[in-house]
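Residue numbers (my numbering): 18 to 139. Backbone N, C-alpha and C fix where the C-beta goes; we use that ideal spot for every residue, glycine too. So the structure is just underneath, and the comments pick up after that.
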C-alpha cells in the first residue's frame, strides 16, 4: 500500500535528481566552452593541424608544377597506375584513312571533317 508520503518522496527525489543532473550538465558544458575558448584543448590543435595539412595536400595536387612527379616520364594516378602524359596509341582516321596518335586524334578529326575553327577546305 502506497501512502501519500511515498508518492511525495518519489516526486521529491525525482526533482532533486533532475536539479543535480542539470547542474552537472551546465558545469561540464561551461568547462568545455572555457577550454575551447582559451585554446587549451589539445584535440583542437590536432584537428587544426590536420586541416592545414589537408589544404596543403590539395594545393599540391591541384598545382602540377609543384609536383616532383612531373619531371618523370610517367605520372602515377590515385590507383598507382602509370600513364604517359600524351597518349601514344595509333588510330586510323575514319574520314581520310591517315594514322593519327590518340593524343592528336580529336583535333585531327575536327580539321578533317570540316568542323571547328581550323577546318580544312575541301
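Paired residues, beta bridge with residue i - DSSP
i: residue 118; result: 107
Own chain residues within Cβ distance below 7 Å of residue i, not counting five before or after
i: residue 110; result: 117, 125, 126, 129
Contact under 9 Å by Cβ, residue i with residue j
i: residue 119; j: residue 105; result: yes
i: residue 64; j: residue 56; result: no
6 Å CB neighbourhood of residue i in its chain, flanking five on each side removed
i: residue 58; result: 52
i: residue 115; result: none
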